[in-house]
Amino acid sequence: MTQTISERLYEGYAQTFEASELLFEVRTEHQHLQIFETPALGRVMMLDGIVQTTEKDEFIYHEMMVHVPLFAHPKPRRVLIIGGGDGGILREVLKHPEVEQVTQVEIDQSVIDLCRQYFPNHSQGAFDDPRANIVIADGREFVAQCQDRFDVIISDSTDPMGPGEVLFTSDFYADEKRCLNPGGIMVAQNGVPFLQGDEITTTWRRLTPLYQDASFYVAPVPTYVGGFMTLAWATDDPALRRQSAADIASRVQAVQRQNPEFRPRYYNEDVHVAAFALPNYIRALLN
1 MTQTISERLY EGYAQTFEAS ELLFEVRTEH QHLQIFETPA LGRVMMLDGI VQTTEKDEFI
61 YHEMMVHVPL FAHPKPRRVL IIGGGDGGIL REVLKHPEVE QVTQVEIDQS VIDLCRQYFP
121 NHSQGAFDDP RANIVIADGR EFVAQCQDRF DVIISDSTDP MGPGEVLFTS DFYADEKRCL
181 NPGGIMVAQN GVPFLQGDEI TTTWRRLTPL YQDASFYVAP VPTYVGGFMT LAWATDDPAL
241 RRQSAADIAS RVQAVQRQNP EFRPRYYNED VHVAAFALPN YIRALLN
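Here the sequence shown stands for residues 1 to 287, numbered as in the UniProt record's numbering.
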């Protein structure tokens, strides 16, 4: 039976989905999870009433979260993922043959289990890859206690509310910085600046005391309504954000020679460079 399900992330504004079938709904220890089928976007997952991923447009978000930092870094051997229980980030990281180990920290085992069942194309077997180390734990506590070091850290968290709120604090960013190798890169989901501008300003102010180069890059993900989504970027090597398309293309080609199955649907070297060109309304939030 067809029903409508609305996301009300912003006051006075909502997007509504025609759900042809509610496939699964549960309140876990940490959050309210819904998975439903739609005619336009395929399967959709919501956590606490907020859209997390859809079958149709997930590739844009996951490719940009992963390939921008991994191709910007000259030798990304060890990667840490915070969140990302649907498996899309892990899937894209493991497409890089030079990556030797990926540690993924997800707070909710049920998210992984349900996404393996209802969104198998998100992970495509990535959770079973021998390079993947899956840790069920709170991401905030993990980085606070972690003694390992990583070349790239990807924070694929929910918005700064509920379980995801602690992943946007100054203490969390400082602990992430401690977990990075010299020259490492941290990227993080940071919302839609047209409607969540305060979040971008707050993140920028918290990152700039920690890193020599803190900024954002953008990606248009249709499901995340409001225009561009911003992805936070932080590193102590400012040159990594200013590489040419030719430099990035040479690394993409090197991966493709080792992994002929690497064929991104959104990401390429020109998109990589252009993503760091911020519109003026986003620049104005960095003050």
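C-beta: ideal position from N, C-alpha, C; glycine also.
Residue i to residue j, Cα distance in whole Å?
i, j, result
"G83", "S123", "13 Å"
"P238", "V273", "14 Å"
"G49", "A214", "31 Å"
"Q31", "Y224", "20 Å"
"Q212", "P182", "12 Å"
"F17", "Y10", "16 Å"
"E29", "D247", "46 Å"
"E141", "F172", "9 Å"
"Q15", "T4", "10 Å"
Given a cut-off of 9 Å on the beta-carbon distance, is the pair residue i and residue j in contact?
i, j, result
"V102", "A137", "no"
"F228", "P193", "yes"
"V99", "P76", "yes"
"I35", "P222", "no"
"V135", "E92", "no"
"M186", "A232", "yes"
Give me the residue from the options with the minimum Cα distance to residue i.
i, options, result
"H67", "D57, I50, L90", "L90"
"E175", "L207, R27, V225", "Checking the sequence shown, residue 175 turns out to be Asp, not Glu. Ranking L207, R27, V225 by Cα distance to D175 puts L207 first."
"S170", "N280, W204, P120, Q189", "W204"
"D128", "R77, L70, Q104, Q145", "Q104"
"H73", "R242, A277, R263", "R242"
"I112", "P130, P97, G88", "G88"
"residue 301", "E25, L80, R257, Y267", "In this structure the chain extends from 1 to 287, so residue 301 is not present and cannot be described."
Using beta carbons (cut-off 9 Å, strictly below), is residue i in contact with chain D?
i, result
"P76", "Any reference to chain D falls outside this structure, which holds one protein chain only."
List the residues that DSSP assigns as beta-bridge partners of residue i.
i, result
"R27", "H32"
"V255", "DSSP lists no partner for V255."
"D156", "G83"
"E18", "T4"
Please classify residue i: does DSSP put it in a helix, a strand, or coil?
i, result
"T203", "helix"
"V93", "helix"
"I60", "helix"
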